[in-house]
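Contents: one structure, followed by commentary.
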Amino acid sequence: MAKKLKIGITCYPTLGGSGVVATELGKLLAERGHEIHFITHSIPFRLGHFHKNIFFHEVEVNDYYVFRYPPYDLSLASKMAQVAKMQELDLLHVHYAVPHAVCAYIAKQMAGDGLKTVTTLHGTDITVLAQDESLKDLIRLAINESDAVTAVSGDLIKETRQLLDITAPIDLTYNFVDKRVYYPRDVAALRGDYAAPHEKILMHISNFRPVKRVGDVIDIFAKVSERLPSKLLLVGEGPELTKIQCKIRSMGLEDKVHFLGKQEDVAQVISLADVVLLPSEKESFGLVSLEAMACGVPTIGSNAGGIPELVTHGETGFLSPIGDVDGMALYAEKLLTDDALHDKMKQACIHRARTEFCNDTITSQYESIYYRVLGIE
Ligand code: GMT
1 MAKKLKIGIT
11 CYPTLGGSGV
21 VATELGKLLA
31 ERGHEIHFIT
41 HSIPFRLGHF
51 HKNIFFHEVE
61 VNDYYVFRYP
71 PYDLSLASKM
81 AQVAKMQELD
91 LLHVHYAVPH
101 AVCAYIAKQM
111 AGDGLKTVTT
121 LHGTDITVLA
131 QDESLKDLIR
141 LAINESDAVT
151 AVSGDLIKET
161 RQLLDITAPI
171 DLTYNFVDKR
181 VYYPRDVAAL
191 RGDYAAPHEK
201 ILMHISNFRP
211 VKRVGDVIDI
221 FAKVSERLPS
231 KLLLVGEGPE
241 LTKIQCKIRS
251 MGLEDKVHFL
261 GKQEDVAQVI
271 SLADVVLLPS
281 EKESFGLVSL
291 EAMACGVPTI
301 GSNAGGIPEL
311 VTHGETGFLS
321 PIGDVDGMAL
331 YAEKLLTDDA
341 LHDKMKQACI
351 HRARTEFCND
361 TITSQYESIY
371 YRVLGIE
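This is the structure in structure tokens:
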């Protein structure tokens, strides 16, 4: 039997797909008997129930009055090293390069070479932050000093190599969904709260940041709703939300759009949708689209970044160039007016999510990376 490991995990615990992936991975590894130590500023929001193999170590920041910016990164690095020594961790697995991979590098200097580090790149840590000249060299150093680096799509691997001249191997570890949680839920009783029986439901879920192009979501929906009785459900919140609310009002769509805000039970919410819209400007993977896929909901979106590795055009959704709202609206209309096509895509979505992006497969991939860096066959 392979050795059970002691693994420290650091991520953004309260937001974003990277935090979700890190937390879910930690839970799955704990189920396999590994001891998981989350080292973050807050308890990860998807952590859920007590598990005997999961521990949480809170990073407390020193906010002495001379600091204009309390140094979270230094406190994190120091906590990582402390936990590594006290708990005799085998490795640290950090999600999102900035600052986590840099902190892991410092922690390794403090804890000693026996501590291995694995960095998972999630997207904007490369596609946005590595474009910033003030961070670029630091991100390159942190990547080069990691014992293994993984990225969530082939496209992100390509972009990392191009932007940072990285030549070391980068493992591909796609995002995954837990098929025990993400499956088509029976939401017949709920659906009536949002749409009449003859209306279709389009949905968008995101952090409402500019890269998500939520304005395109509204434009696509406006075109679809002219031709087809339909409702739009917007889930999540973020900096663009107020602008989007104003746009909806100025287009006279307020009676057709529901804002659901942040939701915990994403599988239940997504199961309400007939289609999910993801017209992003940048998207290294698009976890929400995978969550939808697992619940039998096709995606219509852009072909940005890693989305085409997830959504097979014509089989599990339709993709158009970034900004092509006319094309996306036409695809939505085609899908939503053809029940046979919708049903075929729904089945293809469930099959693809359960086979290609299944929790068991991807957890095993991460496990083999850990054993590889530790020199355990
Ligand atoms: O911008 C976001 O959507 C948040 C960001 C994050 O750090 O959580 O998401 C990134 O990581 C996700 C998990 O790997 C990916 O599914 C998202 O595609 C990626 N976002 C972008 O690349 C914009």
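In this text, residue positions in the sequence shown follow the UniProt record's numbering: the first is 1, and each later residue adds one. Where is the CB? At the ideal position from N, CA and C, for every residue including glycine.
For C349 and I106, I'd like the C-alpha separation in whole angstroms. 42 Å
Roughly how many whole angstroms lie between the Cα atoms of E60 and V266? Their backbone Cα atoms lie some 30 Å apart in a straight line.
Does the stretch 159-168 come close enough to the stretch 226-245 to have 3 or more Cβ pairs within less than 8 Å? no
I'd like the list of long-range same chain contacts for L190, defined as Cβ closer than 7 Å, with 5 residues on each side in sequence excluded. L272
One question on the structure: do M110 and A81 come within less than 7 Å of each other, judged by their Cβ atoms? yes
Residue from S284, H100 and M251 whose Cα sits closest to the Cα of I307: S284
Whole-number beta carbon distance between L115 and L92, since they are thought to touch under 8 Å: Sure, about 7 Å apart at Cβ, within 8 Å.
How is F221 classed by DSSP in three states: helix, strand or coil? helix
Helix, strand or coil at M1 [DSSP, three-state]: coil
Can we count residue 459 as close to the ligand GMT, meaning its CB is less than 6 Å from some heavy atom? Not covered by the structure: residue 459. The range shown for the chain is 1 to 377.
Is the beta carbon of V94 less than 7 Å from the beta carbon of T23? no
Reduced DSSP category for M203 - H, G, I as helix; E, B as strand; rest coil: For M203, the three-state secondary structure derived from DSSP is strand.
Thinking just about the alpha-carbon of each residue, which of S146, F176, P210 and L228 is nearest to the one in H198? L228
For a test of the three-state rule: what should DSSP assign to E35, helix, strand or coil? E35 falls in the strand class under three-state DSSP.
Under the three-state reduction of DSSP, which class applies to S284: helix, strand or coil? coil
Who are the Cβ neighbours of E315 in its own chain at under 6 Å, not counting the five residues just before and after it? A348
Uninterrupted alpha helix (DSSP H) stretches inside the stretch 225-254 (no shorter than 4 residues): 241-250
Would the beta-carbon of N175 be found less than 6 Å away from any heavy atom of the ligand GMT? yes
Residues that S320 bridges to, as DSSP identifies them: S302
Comparing the CB of H122 with every heavy atom of the ligand GMT, is any distance shorter than 6 Å? yes
Rounded to the nearest angstrom, what separates K212 and E367 at their Cα positions? 32 Å
Just curious, the beta strand (DSSP E) that A151 is in, first and last residue? A148 to A151
What number of angstroms, rounded off, separates the C-alpha of I7 from the C-alpha of I43? 16 Å
Suppose contacts are defined by Cβ-Cβ distances below 7 Å. Is L278 in contact with S289 by that definition? yes
Within 10 angstroms of its Cβ, does S153 collect 16 or more other Cβ (buried), or is it exposed? buried
Sheet register partners of I54 (DSSP bridge): I36
For G48, which residues in the same chain have their Cβ closer than 8 Å to its Cβ, ignoring the five residues on either side in sequence? K27
Going by CA-CA distance only, name the one from F67, M203 and D216 that's closest to E291. M203
Taking Cβ positions, are L233 and L260 nearer each other than 7 Å? Result yes, Cβ atoms of L233 and L260 sit closer than 7 Å.
Any heavy atom of the ligand GMT closer than 6 Å to the CB of G16? Checking the Cβ of G16 against the ligand GMT gives yes.
Excluding five sequence neighbours on each side, which residues of the same chain lie with their C-beta closer than 7 Å to the C-beta of Q87? K6 and H37
Between the CA atoms of L330 and F56 - distance to the nearest angstrom: The alpha-carbon atoms of F56 and L330 are separated by roughly 48 Å.
Pull the bridge partners of I7 from the DSSP assignment, please. I36 and L91
When the distance is taken between beta carbons, is D219 closer than 7 Å to V325? yes
Which residues in the same chain as G238 place their Cβ atom closer than 6 Å to its Cβ, once the five residues preceding and following it in sequence are excluded? N207, F208 and R209
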